[in-house]
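Engineer: Below is the structure I would like to discuss, written out as structure tokens.
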Amino acid sequence: MIATPIGNLEDMTIRGLRLLREVDLIACEDTRHTQRLLEHFAITTPCVSYHEHNEAARASQLVERMASGQTVAVVSDAGTPLISDPGYRVVQAALEQGVTVIPVPGASAVMAALAGSGLATDAFCFAGFLPPKQGQRRKALAMWGEVEATLIFYEAPHRILEALADVAAVMGERQIVLARELTKLHEEFLRGRVSEVMAILSHRAAQKGEMTLLISREKAAPAAEVPPAEAVRRLVGGGMDRMEAIKKVAKDRGLAKREVYAALER
Ligand code: SAM
């Protein structure tokens, strides 16, 4: 499992290069994409494609070759294979057949983003891509928002504004960092409260580039300190039915439902 650069080709490791030269075969997510990397480093090892649609079938063929003594490098288009990228099935199949799996570390957007973010690094939680649909995304944000760690997500540029709107709705105005185009010419870190970063992005003609979103750990205010109306808003933002949320808040606070209604109308 060999990591490749996420932008800057100088991030290819010396060990990774040596192994890409030495192995019998390179299994790539996209052969044309990896070919450009290999050409840059004058590597002529044969390549075969594997990707999320053929990974299951391809995994057993690759493992057969490995079991017969051949060495196979697995790479994805960029960064560390298996990290929001294919590779998992190959590893599973290889381990089932008693084939040794060797990770060759290197670039990964999640680690680069965290290292440059300025947010707490003692505990962090990487949760891959947020769901594309609003309802599921809000549910996911409500769940991850309970975790006391810096939260890290991958997000597509065309969805970033709606995702940030959901972060604000579900988690409130937390401190966030948007890490864009890491290791590339236009690398950028946007830091601020959710609405501040949204305001910066909204002034741009279009959202472009690769993006990693980090959300700071902020101790959730003890339930009793959050006003009842805000507590209802958060639960609804997290996907709970409004009536159910009112009932829950009333029960948690020892209030009558009409008192929670009154707070909502104020
Ligand atoms: N396996 C890769 C890794 O280890 O980082 C991630 C692959 S995933 C399909 C691609 C996503 O990673 C992008 O949509 C973006 O969210 C994030 N990403 C990749 N390269 C990036 C970069 N240079 N700057 C910021 N985020 C990046």
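138 is the number of the first residue of the sequence shown in our numbering; add one for each residue after it.
Using N, Cα and C, we set each Cβ at its ideal position, and we do this for glycine too.
So, Glu310 versus Val331, is the Cβ gap smaller than 8 angstroms?
Structural biologist: Cβ distance < 8 angstroms, so Glu310 and Val331 count as in contact.
Engineer: Looking at C-alpha atoms only, which residue of Ala277, Glu192, Leu322, Glu318 is the closest neighbour of Ala300?
Structural biologist: Out of Ala277, Glu192, Leu322, Glu318, Ala277 has the C-alpha closest to the C-alpha of Ala300.
Engineer: How far does the alpha helix (DSSP H) with Ala382 in it extend, from its first residue to its last?
Structural biologist: Here the alpha helix (DSSP H) through Ala382 covers 379-390.
Engineer: Give a yes or no on contact between the region 151-165 and the region 205-220, applying the rule of three or more CB pairs nearer than 8 angstroms.
Structural biologist: They touch, by the three-pair rule.
Engineer: Can you tell me whether DSSP reads Ala316 as helix, strand or coil?
Structural biologist: Looking at Ala316 - three-state DSSP - the assignment turns out to be strand.
Engineer: Inspect the beta-carbon positions of Leu351 and Leu256 and report whether they are closer than 8 angstroms.
Structural biologist: Against a cut-off of 8 angstroms, the Cβ pair of Leu256 and Leu351 comes out as a contact.
Engineer: Please determine if the region 367-379 and the region 339-349 are in contact, where contact requires at least 3 C-beta pairs separated by less than 8 angstroms.
Structural biologist: At 8 angstroms Cβ cutoff, the stretches do not touch.
Engineer: Near Ala357, which residues of its chain fall below 6 angstroms by C-beta distance, leaving aside the five closest residues on each side in sequence?
Structural biologist: Note that Ala357 has pLDDT 47, beneath the 50 cutoff, so the model's placement of it is unreliable and the number below is only indicative. Once the five neighbours on either side are set aside, Ala357 has no close Cβ partner at all.
Engineer: What's the call for Met203, buried or exposed, on a 16-neighbour Cβ count within 10 Å?
Structural biologist: Buried, by the Cβ-count rule.
Engineer: Give the range of the beta strand (DSSP E) segment to which Gly329 is assigned.
Structural biologist: Taken as a continuous stretch (DSSP letters only), the beta strand (DSSP E) holding Gly329 covers 325-330.
Engineer: To which residues of the same chain is Glu189 closer than 8 angstroms at the C-beta, ignoring the five residues directly before and after it?
Structural biologist: Hits under 8 angstroms: Pro223.
Engineer: Which residues does DSSP list as the beta-bridge partners of Glu347?
Structural biologist: DSSP output for Glu347 lists no bridge partner at all.
Engineer: Within 10 angstroms of the Cβ of Thr141, are there 16 or more other Cβ atoms? Answer buried if so, exposed if not.
Structural biologist: By the neighbour-count rule (16 or more Cβ atoms within 10 Å), Thr141 is buried.
Engineer: State the beta-bridge partners of Ser186 as determined by DSSP.
Structural biologist: Its beta-bridge partners are Cys165.
Engineer: Beta-carbon within less than 7 angstroms of Pro365's beta-carbon, same chain only, minus the 5 sequence neighbours each way: which residues are those?
Structural biologist: Excluding residues within five positions, the ones whose Cβ falls inside 7 angstroms are Val386, Arg390, Leu392, Val397, Ala400.
Engineer: Using 7 angstroms as the cut-off, classify the Cβ of Leu288 as near or not near the heavy atoms of the ligand SAM, replying yes or no.
Structural biologist: No - the ligand SAM has no heavy atom lying nearer than 7 angstroms to the Cβ of Leu288.
Engineer: Which residue wins for smallest C-alpha separation from Gly329, given the options Leu322, Leu319, Ile313, Lys321?
Structural biologist: Nearest of Leu322, Leu319, Ile313, Lys321 to Gly329, Cα basis: Ile313.
Engineer: Where Arg195 and Ala305 are concerned, what is the direct C-alpha to C-alpha distance, given to the nearest angstrom?
Structural biologist: If you take the alpha carbons of Arg195 and Ala305, they lie about 42 angstroms apart.
Engineer: May I ask you to report which of helix, strand or coil DSSP gives Gly144?
Structural biologist: It is coil, neither helix nor strand.
Engineer: Quick one: residues in its chain with C-beta nearer than 8 angstroms to the C-beta of Leu298, no 5 flanking neighbours on either side, listed in chain order?
Structural biologist: Only Met335, Leu338, Ser339, Gln344 meet the Cβ criterion.
Engineer: Considering Cα atoms alone, identify which of Ala316, Thr171, Glu233 is closest to Pro218.
Structural biologist: It is Thr171 whose Cα lies nearest to the Cα of Pro218.
Engineer: Which residue or residues does DSSP assign as beta-bridge partners of Arg291?
Structural biologist: For clarity, residue 291 is Tyr in the given sequence; the question names Arg instead. Tyr291 is bridged to Phe266, Thr349.
Engineer: On the criterion of 16 or more Cβ atoms from any shown chain inside 10 Å, does Thr181 qualify as buried, or is it exposed?
Structural biologist: It counts as exposed.
Engineer: Could you compute how far the alpha carbon of Asp378 sits from the alpha carbon of Gly272?
Structural biologist: Each residue's alpha carbon lies about 12 angstroms from the other.
Engineer: Give every residue of the same chain whose Cβ lies closer than 7 angstroms to the Cβ of Ala215, excluding the five residues on either side of it in the sequence, and list them in chain order.
Structural biologist: Cβ neighbours of Ala215 beyond the five flanking positions: Thr141, Pro142, Ile143.
Engineer: Going by DSSP, what residue range makes up the alpha helix (DSSP H) through Val247?
Structural biologist: Per DSSP, Val247 belongs to the alpha helix (DSSP H) from 246-254.
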